[in-house]
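*Asks:* If you read the sequences in order, they're chains A and B.
Okay, so the first sequence: first residue is 1 according to UniProt numbering, each after it adds one.
Okay, so the second sequence: first residue is 1 according to UniProt numbering, each after it adds one.
Using N, Cα and C, we set each Cβ at its ideal position, and we do this for glycine too.
Keep in mind it's a predicted model, so treat the numbers as computed, not measured.
Before I ask anything, let me first share the structure, which is written out below as structure tokens.
2 protein chains.
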Amino acid sequence: MNSYRNMAAFMSPSTEQNMGTARLEMSNRIFFRLYQCANMLHKTGSRAVQEEGLTTQQWAIMGALSRPKSASGMAVIELSQYLMVTRQNLSAVLKRMESAGHVVIQPDERDRRSRIIQITPMGREIWENKALPKIRAYYEEALDEFSLGDMTHILHYMIKLLENMKKIDARSGVQDE
Amino acid sequence: MNSYRNMAAFMSPSTEQNMGTARLEMSNRIFFRLYQCANMLHKTGSRAVQEEGLTTQQWAIMGALSRPKSASGMAVIELSQYLMVTRQNLSAVLKRMESAGHVVIQPDERDRRSRIIQITPMGREIWENKALPKIRAYYEEALDEFSLGDMTHILHYMIKLLENMKKIDARSGVQDE
DNA sequence: GATTATATGTCAATGTATTTACATAAAACA
DNA sequence: TGTTTTATGTAAATACATTGACATATAATC
Chain A
1 MNSYRNMAAF MSPSTEQNMG TARLEMSNRI FFRLYQCANM LHKTGSRAVQ EEGLTTQQWA
61 IMGALSRPKS ASGMAVIELS QYLMVTRQNL SAVLKRMESA GHVVIQPDER DRRSRIIQIT
121 PMGREIWENK ALPKIRAYYE EALDEFSLGD MTHILHYMIK LLENMKKIDA RSGVQDE
Chain B
1 MNSYRNMAAF MSPSTEQNMG TARLEMSNRI FFRLYQCANM LHKTGSRAVQ EEGLTTQQWA
61 IMGALSRPKS ASGMAVIELS QYLMVTRQNL SAVLKRMESA GHVVIQPDER DRRSRIIQIT
121 PMGREIWENK ALPKIRAYYE EALDEFSLGD MTHILHYMIK LLENMKKIDA RSGVQDE
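Here's what the structure looks like:
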């Protein structure tokens, strides 16, 4: 794919501003690819667990709730911060998962504003015995020809990018409290 | 953030399957971060261009249409393949952009099934004079402390990941034709 | 030339993402 | 102790993502 074309996906060529041209072109390509990766993860990742009645978002939630440290459940606000989605979005997704029988939503005994989310036995069964094997197969295909070194590097850069985005979020938005 | 906890975000610890444990843990962390990066790009990127009445999706579209090679417009199917979104999704987004006066949608003279999308003078004005300076500022913040070498590496890995996801898409889905 | 297969765009249903708003509860402050 | 500020979850509106379905147009095949 023409690198010039890729560069222009997010913006057209322009006179140099604060960023040098090379740096600007590279920035643009990075965010364009991140945008495409996100769409492709949604499309192909959801297909991988479609037969289990799951989506990529629900797989993230079930993964979080299945950890040993989450055995006693997680508060909605904890889970929303952990996943980096708004509590309004998470609330709606959890309602659907509750209707499907995958999780239970219970009042928090220590704070009446709060709700505690736990995976149900049925949810755990579906997660561990049906979804996880397919997720592993998906990872193998998606990370084909990635060495452990490659994986270490991409993860490092994603964490670094994420730290910067968190800072932008903190400065620009109404902070989720 | 506890790496063990990150690993479990997408799945709980498990006995080794086809993937070694180290590789599986790393896979999980990569996709979890990709998922978070996507959400944060959506949230912080949309805020960056909110005053222009744009979203990250529209910024991708306007970037694509602003390239010199797209001066005569792009067909819907071309644009959907370029952005890696479905033509059904793109159709709806373009309708809103047409209503906002940012693009025009015209019949393709050579193929009556096809529609050609072009950015309007008003759209180009908003894009070049209002959105682009904010997008550059966003890139500077988001890629703070990334060297050109870092940027080259993360881009390389994202392209590689994207190639793998395209292969999964080709094998598993009904191919968009 | 007629028929079949494929391509293209739109519609509808559904899930997921944000923001703003509101109600209730807890924390902080005077 | 009372008041103010902040926290938490849900509701509503809107934008964007998918899939399946359908109508029309073009390409391929016979």
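Please list the segments of the beta strand (DSSP E) lying wholly inside the segment 56-120 of chain A, counting only runs of 3 or more residues, in order along the chain.
*Replies:* Listed in chain order, they are 103-107 and 115-119.
*Asks:* What is the C-beta distance between residue 205 of chain A and B:Leu161, in whole angstroms, given that I count them as a contact (C-beta under 8 angstroms)?
*Replies:* Nothing in the structure corresponds to residue 205 of chain A, since chain A is present only between 1 and 177.
*Asks:* With DSSP collapsed to three states, give me the class of residue 178 of chain B.
*Replies:* With chain B represented from 1 up to 177, any question about residue 178 of chain B goes unanswered, as that position is not in the structure.
*Asks:* Would you mind telling me which residues of chain A sit closer than 7 angstroms to B:Glu141, beta carbon to beta carbon, in chain order?
*Replies:* The count along the second sequence starts at 1 and reaches residue 141 of chain B at position 141. Those within 7 angstroms of B:Glu141 in chain A are Asn164 and Ile168.
*Asks:* Starting from the beta carbon of B:Met84, find every residue of chain A whose beta carbon is closer than 7 angstroms, and list them in chain order.
*Replies:* Here the question's residue 84 of chain B lines up with position 84 in the second sequence. Within chain A, the residues near B:Met84 are Gln36, Asn39 and Met40.
*Asks:* On the CB-based measure, 16 or more other CB atoms within 10 Å of its CB, does A:Glu163 come out buried or exposed?
*Replies:* Residue numbering aside, residue 163 of chain A sits at position 163 when the first sequence is read from its first letter. That one is exposed.
*Asks:* According to the neighbour-count rule (16 or more other Cβ atoms, all chains shown, within 10 Å of its Cβ), is B:Arg67 buried or exposed?
*Replies:* Here residue 67 of chain B refers to the residue found at position 67 when the second sequence is read from its first residue. Classification of B:Arg67: buried, given that the 10 Å Cβ count is 16 or more.
*Asks:* In terms of residues, what are the limits of the alpha helix (DSSP H) holding A:Lys166?
*Replies:* Within the first sequence, residue 166 of chain A is the residue found at index 166, counting from 1. From DSSP, the alpha helix (DSSP H) with A:Lys166 extends over Leu148 to Ser172.
*Asks:* Could you name the residues of chain B that A:Arg29 contacts, counting a contact when the two beta carbons are closer than 7 angstroms?
*Replies:* On the first sequence, residue 29 of chain A is found 29 positions in, with the first residue counted as 1. Within 7 angstroms Cβ-Cβ: Leu155.
*Asks:* Which word fits A:Ser99, buried or exposed, when buried means at least 16 other C-beta atoms lie within 10 angstroms of its C-beta?
*Replies:* Indexing the first sequence from 1 puts residue 99 of chain A at position 99. Label assigned to A:Ser99: exposed.
*Asks:* With B:Met62 and A:Met84 assumed to form a contact (beta carbons below 8 angstroms), what rounded beta-carbon distance in angstroms separates them?
*Replies:* Counting from one through the second sequence, the residue named residue 62 of chain B turns up at place 62. Counting from one through the first sequence, the residue named residue 84 of chain A turns up at place 84. In fact, because the Cβ distance is near 26 angstroms, the residues do not count as touching under 8 angstroms.
*Asks:* How big is the Cα-Cα spacing for A:Pro121 and A:Glu52?
*Replies:* Working through the first sequence from its first residue, we reach residue 121 of chain A at position 121. Working through the first sequence from its first residue, we reach residue 52 of chain A at position 52. If I take the Cα positions, the gap works out to 15 angstroms.
*Asks:* Name the two residues that bound the continuous alpha helix (DSSP H) containing A:Leu143.
*Replies:* The sequence position of residue 143 of chain A within the first sequence is 143, counting from 1. First-last for A:Leu143: undefined, no H or E at that position.
*Asks:* Against chain A, with Cβ distances strictly below 9 angstroms, would residue 244 of chain B count as a contact?
*Replies:* This structure leaves residue 244 of chain B out entirely; chain B is present only between 1 and 177.
*Asks:* Work out the CA separation of B:Phe31 and B:Ile168 for me, nearest whole Å.
*Replies:* By 1-based counting over the second sequence, the position of residue 168 of chain B is 168. By 1-based counting over the second sequence, the position of residue 31 of chain B is 31. The alpha-carbon atoms of B:Ile168 and B:Phe31 are separated by roughly 15 angstroms.
*Asks:* For A:Arg87, which residues in the same chain have their Cβ closer than 8 angstroms to its Cβ, ignoring the five residues on either side in sequence?
*Replies:* On the first sequence, residue 87 of chain A is found 87 positions in, with the first residue counted as 1. Counting only Cβ-Cβ distances below 8 angstroms, and skipping sequence neighbours, we find Val76, Ile77, Ser80 and Asp176.
*Asks:* Output the distance between the C-alpha atoms of A:Thr44 and B:Leu148, rounded to the nearest integer angstrom.
*Replies:* Translated into the one-based positions of the first sequence, residue 44 of chain A becomes position 44. Translated into the one-based positions of the second sequence, residue 148 of chain B becomes position 148. When rounded, the distance between both Cα atoms is 31 angstroms.
*Asks:* So B:Leu65 and B:Ile119 are supposed to be a Cβ contact under 8 angstroms. How far apart are they, rounded?
*Replies:* Start at 1 with the first residue of the second sequence, and residue 65 of chain B comes out as number 65. Start at 1 with the first residue of the second sequence, and residue 119 of chain B comes out as number 119. Confirmed, Cβ separation roughly 4 angstroms.
*Asks:* Going along the chain, which residues of its own chain have a beta-carbon closer than 6 angstroms to the beta-carbon of B:Asn89, five neighbours each way excluded?
*Replies:* Start at 1 with the first residue of the second sequence, and residue 89 of chain B comes out as number 89. Closer than 6 angstroms at Cβ, skipping near neighbours: no residue.
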